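S.K.: Before we start, here is the structure in question, set down as C-alpha cells.
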Amino acid sequence: MTPDRFEDHAWKDIVPDDLLQIYSAYTRETFVGPSPALLLIDLYNLAYRGGAKPPVELQDDYPSSCGIHAHEAIEPTRRLIAAARAAGVPIFYCTSDFRPMNAPRGVGPTRRNMRPTTAEDFEIWPDFAPEEGDVVIKKQRASIFAGTPLISHLNILGVQSVIVCGETTSGCVRASCVDAYSNGLHVSLVEECTFDRHDLIHKVNLFDLHHKYADVMHVDEVVDHLDAAKDTRAAE
Numbered sequence: 001m002t003p004d005r006f007e008d009h010a011w012k013d014i015v016p017d018d019l020l021q022i023y024s025a026y027t028r029e030t031f032v033g034p035s036p037a038l039l040l041i042d043l044y045n046l047a048y049r050g051g052a053k054p055p056v057e058l059q060d061d062y063p064s065s066c067g068i069h070a071h072e073a074i075e076p077t078r079r080l081i082a083a084a085r086a087a088g089v090p091i092f093y094c095t096s097d098f099r100p101m102n103a104p105r106g107v108g109p110t111r112r113n114m115r116p117t118t119a120e121d122f123e124i125w126p127d128f129a130p131e132e133g134d135v136v137i138k139k140q141r142a143s144i145f146a147g148t149p150l151i152s153h154l155n156i157l158g159v160q161s162v163i164v165c166g167e168t169t170s171g172c173v174r175a176s177c178v179d180a181y182s183n184g185l186h187v188s189l190v191e192e193c194t195f196d197r198h199d200l201i202h203k204v205n206l207f208d209l210h211h212k213y214a215d216v217m218h219v220d221e222v223v224d225h226l227d228a229a230k231d232t233r234a235a236e
C-alpha cells in the first residue's frame, strides 16, 4: 500500500508532514482479518441526546452527547450492521453497567465528572437495536474487554479478528482497540462509524490507532468485504 493511500483518512487536514515522516514506518496493507466479530462500542442513548447539533451547543443540557457527530454516523453504522448480519458475523454490543451495587464508589470508564444518569440513558439507540443472537456486554471500565467475558465468548466462536465502531474514539473505542490488539486480535476500525465530541480529538486518535494498533478502514471497504464473505458463505 502506498503512503498516500494509507493516509487517505479524516486526519489528512491536521497532520503535518514531519509527523507523517516520523510515522512512515507503520505504513502497511490494511484489511479485515479472518473470522471477524463486530464490536459496537457504547451506541447508547446518552450519546445522541439533544439531536444533530454541535456538541458545544449541547454542553449545558447534554454534556455527554456527541451531537452531530453521533447522528452523522447513524446511517453508515446501520449499513455496517446489516452487512455483518448478512455475512453471519457475530455481533457484540457494549454499554455501561447500571445495575445497583455493581461496583465500589469511584469506578467508571474515565475520570470525567458525570451528571446523574438513568438506566434508560444506557439503552442501545433504537436504530441499532440488538437482535436475537447478538450479545450485549455490560462494562464498568472503558474497554469492552476489561473485566467482561468477551474474550472467552470470542474464543468459543473461533473469532480471530474484530471490526470496531462506536464512541468515543478517544475513550472507550480507543481502549477497546488497544485491548483487542493486546489479546492477539486483528483490529479493523471503521472510520465513518466512529465518533467523538470534537473533530480534533477524533482525528488525532484515529491517526494514532491506525498507525499502532488498528487498521482504520472506510465503511465501503468493510461492507464490500462482508458482502463478499456473504456470497462465499452462500456458495458453500
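The sequence shown: position 7 = 7 (UniProt numbering), numbered continuously.
Don't be surprised by glycine CBs; every beta carbon is placed ideally from N, CA and C.
Remember, it's a predicted structure, so these values are computed and weren't measured experimentally.
1. Is it buried or exposed, Ser152, if we count other Cβ atoms within 10 angstroms and call 16 or more buried?
2. Over the uninterrupted beta strand (DSSP E) stretch that includes Tyr93, give me the two end residues.
3. Would you list, in sequence order, the uninterrupted alpha helix (DSSP H) runs of no fewer than 4 residues that lie entirely inside the stretch 192 to 226?
4. For a test of the three-state rule: what should DSSP assign to Val164, helix, strand or coil?
5. What are the boundary residues of the alpha helix (DSSP H) that includes Ala86?
6. Would Gly67 be called buried (16 or more neighbouring beta carbons within 10 Å of its own) or exposed?
7. Where are the alpha helix (DSSP H) runs, 4 residues long or more, that stay fully inside the stretch 15 to 43, in chain order?
8. Which residues in the same chain as Pro90 place their Cβ atom closer than 6 Å to its Cβ, once the five residues preceding and following it in sequence are excluded?
9. Using only the alpha-carbon positions, how far apart do Glu123 and Thr2 sit?
10. If you draw a straight line from the C-alpha of Thr117 to the C-alpha of Asn45, how long is it?
11. Per DSSP, Lys139 forms a beta bridge with which residues?
12. Between the beta-carbon of Asp215 and the beta-carbon of Phe31, is there less than 8 Å?
13. Considering only C-alpha positions, which residue in the set Gln140, Asp127 and Arg78 is nearest to Arg105?
14. Do you know offhand how far Val204's Cα is from Pro149's?
15. Straight-line CA distance for Val190 to Ala10?
16. I'd like to check one pair, Cys172 with Asp42: are the Cβ atoms closer than 8 Å?
M.R.: Quick look at the numbers:
1. exposed
2. Ile91 to Ser96
3. 199 to 212
4. strand
5. Ile74 to Ala86
6. buried
7. 17 to 22
8. Ala37 and Leu157
9. 42 Å
10. 11 Å
11. Ser96
12. yes
13. Gln140
14. 30 Å
15. 11 Å
16. yes
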